[in-house]
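> What follows is a single structure, and I will ask about it in a moment.
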Amino acid sequence: MGKRLVDQRNRFGIRKLSVGVCSVVVATCFLGVTTSYAEE
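In the UniProt record's numbering, the protein residues as written are 1 to 40.
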C-alpha cells in the first residue's frame with residue numbers, strides 16, 4: 001500500500017511539473033511575439 005501511494009505521488013509531481021513547463025513555454029512564446037511586434 002505504501003509503494004502505491006509513493007507511485008501516485010510521483011506521477012502527480014511529474015504531471016504538475018509538465019504543466020509548469022508548458023505554461024512557461026506558452027508565456028515565453030507570447031512574450032516573444034509581443035516583443036517582435038513592438039520592435040517593428
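The beta-carbon is built from N, C-alpha and C at its ideal position, and this holds for glycine as well.
From L31 to K16, what does the alpha carbon distance come to, in whole angstroms?
Residue 31 sits at position 31 when you count from the first residue of the sequence shown. Residue 16 sits at position 16 when you count from the first residue of the sequence shown. About 23 Å.
> Given this structure, state the Cα-to-Cα distance separating F12 from T28, to the nearest angstrom.
By 1-based counting over the sequence shown, the position of residue 12 is 12. By 1-based counting over the sequence shown, the position of residue 28 is 28. Approximately 24 Å between the Cα atoms of the pair.
> Starting from the C-beta of I14, find all residues in its chain whose C-beta is less than 7 Å away, skip the five residues before and the five after it, and write them out in chain order.
Within the sequence shown, the letter at position 14 stands for residue 14. Once the five neighbours on either side are set aside, I14 has no close Cβ partner at all.
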